[in-house]
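Participant: Read in order, the letters of the sequence shown are residues -42 to -1, 1 to 406 in mature numbering (1 follows the signal peptide of the UniProt record, and there is no 0). We put the CB at the ideal spot given by N, CA and C, even for glycine. Because the structure is a prediction, the values reported are computed rather than measured. Quick one: this structure, given as C-alpha cells, is what I'll be asking you about.
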Amino acid sequence: MNLCNIAEHQSIKHKLTMSPSTSIHFFLLLTTLLSLSCLSQSHKISQVNPITLPIAKDPKTNLFYTPIGIGTPQHNFNLTIDLGGPILWYDCNNNYNSSTYNPVHCDSKRCNGNAGCTGCNGPFKPGCSNDTCGANILNPFTDSIFSGDTGDDVLFVSGNTLSDLLSGCTNSDGFSGDEVLKGLPEESKGIIGFARTDLALQTQLSSTHKLPRKFSLCLPTSNNNGPGKVVIGGGTTQPTILVTTTLIVNPFSTAPIFSEGDPSYEYFIDVKSINIEGNDLNFKSSLLSIDSKGNGGTKISTMNPFTILHSSILKPLVRDFVKKASDRKIKKVASVAPFEACFDVSTIDMTVTGLNVPTIELVLKEVVQWTFYGGNSMVLVNKNVACLAFVDGGKEPRTSVIIGGYQLEDNLLEFDLVSSKLSFSSSLHRLKLTCSSGDLFSYPVYKA
Ligand SMILES: *[C@@H]1O[C@H](CO)[C@@H](O)[C@H](O)[C@H]1NC(C)=O
Ligand SMILES: *[C@@H]1O[C@H](CO)[C@@H](O)[C@H](O)[C@H]1NC(C)=O
Ligand SMILES: *[C@@H]1O[C@H](CO)[C@@H](O)[C@H](O)[C@H]1NC(C)=O
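See below:
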C-alpha cells in the first residue's frame, strides 16, 4: 500500500469517529489535501518545485538584494532586486573568470536583443570575447547604458544548480569610477531583473525548467525580522489572504533603450482612485490612466525606496492626511526632506500594523483595495519624528504613481504572467505575519 492509500484509509476512520460537524470540515480538508498530494505524487517526474530566494534589505539605500552563485569556480553575488529590470547582470571584473562560461554568438538564435555585437582584444574571459551578443547593462541610478556581453553559465540558487540560463555581464574595471554599480547596495555587484521579458529569470525558468510563469515577491521590513522571499514559479499556500487585480501593459516602452513600438516591460496596475480613510483625494483622475503617449498610470518599482507621486496627487494627499492626523491630535512638526509631512512620534499610538495613522487606500479597477497602514506609510527619520513616506515626482513625471519599496515591505505580491494578474495581501502584519513566516510558503527544496 502506498502513502496515498494509507492516508485515505485514515481519513475514513477519522470521519467515522468525529462529531458530525467537525468531521465534515476535517474530512473535506483532508480529502482536499489528499487529492492534492496524490495528484502531485503521480506527476512527480515532470513536476519541479518553485525556487525560493531569500531577500535582505540594505538599510543605507533602502534597496533589496538576494544571494546568487554564478560560474565555475562558484562566485557569490548579492544581486539587487529590480522588479522592472529586463535581465540578470553581474560584474565580471578583471578578477573574474569562469570555466563554464559560454558567450552567446551574435548570429545565434538566442541573441535577439538590441545591443549589437561586442568584441575584445584581451585574453578570453567572461566579458571579453569576440562576436558576442551584446547586453545592455542598465542601472537606474546612472544616466548611462553600459555595454556588456550575453553569456550562458551555471547559476546556483538556494541549493539548486541551474544550467542553460542566459545573463549579462560587464567588466566594471573597464569604466571609470564606480559608474556601473553606482547607487546599488555596497554588497551588491549586479541586478536581478523580474520584468516581463524573455531574459528575466522567471521567463527562462518557465521554458527551460517548466516552472509556471509566475513569481511571488515579499520584501522584508528589516533584517531583524528575517529575510523576505522571491518564489519563482510559485505562490503562497494561503491564497485566501490575497485579492487580485489586472496587470496592465503600457503600450509605450518606459525603458531607457528600446525599439520603436515596444511596449513597456514594467508592471502597471489600474488604480482608479486614492483615498484616505474612505475620502477620495481630489485630483484630475486622468493622471491615473495611461495616455496616448504612454504617460501617466501606476507602476510598481523596487528601485525607488519610497512611492513617488505626481505633484498634483501628492499635494492633496499631504493636505488631507495632515488634516485627518490633526483630528486625531497627532502633532505636526517641521518637515524633513524629501518628505513633506512629519509628525511627533510621541503623539501617535502604536498598533500591530505600525503607527496608528489614517489609512491610505488605492482603489483598483476590480474595486479591490490596496491599503497602506502606518507600517508602510510612515517612516521614522529619527527617534522622535515620523514622516509620511511619499515623495514628490514633479509636475510632469512619465508615470504618475510609482509604488516604491517601502510601501511593498511585508506585503505579499504574486505576479501571474500567464493570466496577467497581480494578487496582493496589503500589510501581512494585519494577519500577524511577515514575509519570513514559515506558513506563507511551504515548498520542499527543488533539486535539479
Ligand atoms: C551578501 O550579503 C550578506 C548580508 O546580507 C553578506 O553576509 C554576504 O557576505 C554578502 N555576500 C557577498 C558575496 O558579498
Ligand atoms: C579564463 O578561463 C578560461 C577557461 O578556463 C581560460 O581559457 C582563460 O585563459 C581564462 N582567462 C583569463 C584571463 O585568465
Ligand atoms: C578578438 O579578435 C582579435 C582580432 O582577430 C584578436 O586579436 C583578439 O585576441 C580576439 N579576442 C579574444 C578574446 O579572443
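Which class does Ile150 belong to by DSSP, given the choice of helix, strand or coil?
Facilitator: Position 192 of the sequence shown holds residue 150. Ile150: strand per DSSP, three-state reduction.
Participant: Helix, strand or coil, according to DSSP, for Thr161 in the structure here?
Facilitator: Indexing the sequence shown from 1 puts residue 161 at position 203. DSSP places Thr161 in helix when its eight states are reduced to three.
Participant: Thinking C-beta only, is Ala93 closer than 8 Å to Gly126?
Facilitator: Position 168 of the sequence shown, counting from 1, holds the residue named residue 126. Position 135 of the sequence shown, counting from 1, holds the residue named residue 93. Taking 8 Å as the Cβ cut-off, Gly126 and Ala93 qualify as a contacting pair.
Participant: Give the straight-line distance between the Cα atoms of Pro355 and Ser269, rounded to the nearest whole angstrom.
Facilitator: Taking the first residue of the sequence shown as 1, we reach residue 355 at position 397. Taking the first residue of the sequence shown as 1, we reach residue 269 at position 311. If I take the Cα positions, the gap works out to 9 Å.
Participant: Give the DSSP bridge partners of Ala344, in chain order.
Facilitator: For the purposes of this step, residue 344 is taken as residue 386 along the sequence shown, with counting starting at 1. Answer by DSSP bridge pairing, in chain order: Phe301 and Leu338.
Participant: How many Å lie between Gly80 and Arg154 at the Cα?
Facilitator: Here residue 80 refers to the residue found at position 122 when the sequence shown is read from its first residue. Here residue 154 refers to the residue found at position 196 when the sequence shown is read from its first residue. For Gly80 and Arg154, the distance between alpha carbons rounds to 35 Å.
Participant: Compute the Euclidean distance between the alpha carbons of Lys2 and Asp101, then round it to the nearest angstrom.
Facilitator: Within the sequence shown, residue 2 is the residue found at index 44, counting from 1. Within the sequence shown, residue 101 is the residue found at index 143, counting from 1. The predicted model places Lys2 with a pLDDT of 34, which falls under 50 and marks its position as unreliable; any figure quoted below should be read in that light. So the two alpha carbons sit approximately 48 Å from each other.
Participant: Where Ser222 and Phe22 are concerned, what is the direct C-alpha to C-alpha distance, given to the nearest angstrom?
Facilitator: By 1-based counting over the sequence shown, the position of residue 222 is 264. By 1-based counting over the sequence shown, the position of residue 22 is 64. Going by the C-alpha atoms only, they are around 23 Å apart.
Participant: Can you name the start and end residues of the beta strand (DSSP E) that Ser231 belongs to?
Facilitator: What you label residue 231 is simply residue 273 of the sequence shown in a count that begins at 1. Element bounds for Ser231: Val229 to Ile234.
Participant: Do Leu386 and Thr194 have their C-beta atoms within less than 8 Å of each other?
Facilitator: Residue numbering aside, residue 386 sits at position 428 when the sequence shown is read from its first letter. Residue numbering aside, residue 194 sits at position 236 when the sequence shown is read from its first letter. The answer is no: Cβ separation not under 8 Å.
Participant: Give me, in chain order, the residues of the same chain whose beta-carbon lies closer than 6 Å to that of Gln196; leave out the 5 immediate sequence neighbours on both sides.
Facilitator: For this step, residue 196 is matched to residue 238 along the sequence shown. Cβ neighbours of Gln196 beyond the five flanking positions: none.
Participant: Terminal residues of the continuous beta strand (DSSP E) containing Gln327?
Facilitator: Start at 1 with the first residue of the sequence shown, and residue 327 comes out as number 369. Here the beta strand (DSSP E) through Gln327 covers Gln327 to Phe330.
Participant: For a minimum of 3 consecutive residues, which ranges assigned as the beta strand (DSSP E) are wholly contained in the stretch 107 to 140?
Facilitator: 118 to 128
Participant: For the beta strand (DSSP E) holding Ser395, just list the boundary residues, first then last.
Facilitator: As a working note, residue 395 is residue 437 in the sequence shown. No beta strand (DSSP E) contains Ser395, which DSSP labels as neither H nor E.
Participant: Starting from the Cα of Tyr48, find the closest Cα among Val138, Ile13, Ser57 and Phe133 and give me that residue.
Facilitator: Counting from 1 along the sequence shown, the entry for residue 48 is found at position 90. For the residues Val138, Ile13, Ser57 and Phe133, the minimum Cα distance to Tyr48 belongs to Val138.
Participant: Skipping 5 residues on each side, what residues in its chain have a beta carbon closer than 7 Å to that of Ser282?
Facilitator: Residue 282 sits at position 324 when you count from the first residue of the sequence shown. Looking at the sequence provided, one finds Lys at residue 282 rather than Ser. Closer than 7 Å at the Cβ level, and outside the excluded window around Lys282, lie Ile234, Glu235 and Pro316.
Participant: Identify whether Thr166 lies in helix, strand or coil by the three-state DSSP scheme.
Facilitator: Numbered from 1 along the sequence shown, position 208 holds the residue referred to as residue 166. Residue state, collapsed to three classes: helix.
Participant: Classify Glu218: buried if its beta carbon has 16 or more other beta carbons within 10 angstroms, exposed otherwise.
Facilitator: Residue mapping note: residue 218 aligns to position 260 of the sequence shown, counting from 1. Label assigned to Glu218: exposed.
Participant: Measuring straight from C-alpha to C-alpha, what distance separates Pro143 and Ile361?
Facilitator: Numbered from its first residue, the sequence shown carries residue 143 at position 185. Numbered from its first residue, the sequence shown carries residue 361 at position 403. When rounded, the distance between both Cα atoms is 20 Å.
Participant: DSSP three-state call for Leu203: helix, strand or coil?
Facilitator: By 1-based counting over the sequence shown, the position of residue 203 is 245. Contrary to the premise, residue 203 reads as Thr rather than Leu in this sequence. Strand.
Participant: Assign Lys251 to one of two classes, buried (16 or more other C-beta atoms within 10 Å of its C-beta) or exposed (fewer than that).
Facilitator: The sequence position of residue 251 within the sequence shown is 293, counting from 1. Under this definition Lys251 is an exposed residue.
Participant: Relative to the C-alpha of Lys287, which candidate in Asp307, Val276 and Ser293 has its C-alpha closest?
Facilitator: Within the sequence shown, the letter at position 329 stands for residue 287. Of Asp307, Val276 and Ser293, the residue nearest in Cα terms is Asp307.
Participant: Is DSSP giving Ala93 helix, strand or coil here?
Facilitator: On the sequence shown, residue 93 is found 135 positions in, with the first residue counted as 1. Of the three classes helix, strand and coil, the one that applies to Ala93 here is strand, per DSSP.
Participant: Are the stretch 101 to 119 and the stretch 25 to 35 in contact at 8 Å, needing three or more beta carbon pairs?
Facilitator: They touch, by the three-pair rule.
Participant: Rounded to a whole number of angstroms, what is the C-alpha to C-alpha distance between Cys279 and Leu346?
Facilitator: Residue mapping note: residue 279 aligns to position 321 of the sequence shown, counting from 1. Residue mapping note: residue 346 aligns to position 388 of the sequence shown, counting from 1. Before going on, a small fix: residue 279 reads as Phe here, not Cys. Their Cα atoms are separated by approximately 9 Å.
Participant: Is it buried or exposed, Leu338, if we count other Cβ atoms within 10 angstroms and call 16 or more buried?
Facilitator: Numbered from 1 along the sequence shown, position 380 holds the residue referred to as residue 338. The residue in question, Leu338, is exposed, as its Cβ has fewer than 16 Cβ neighbours within 10 Å.
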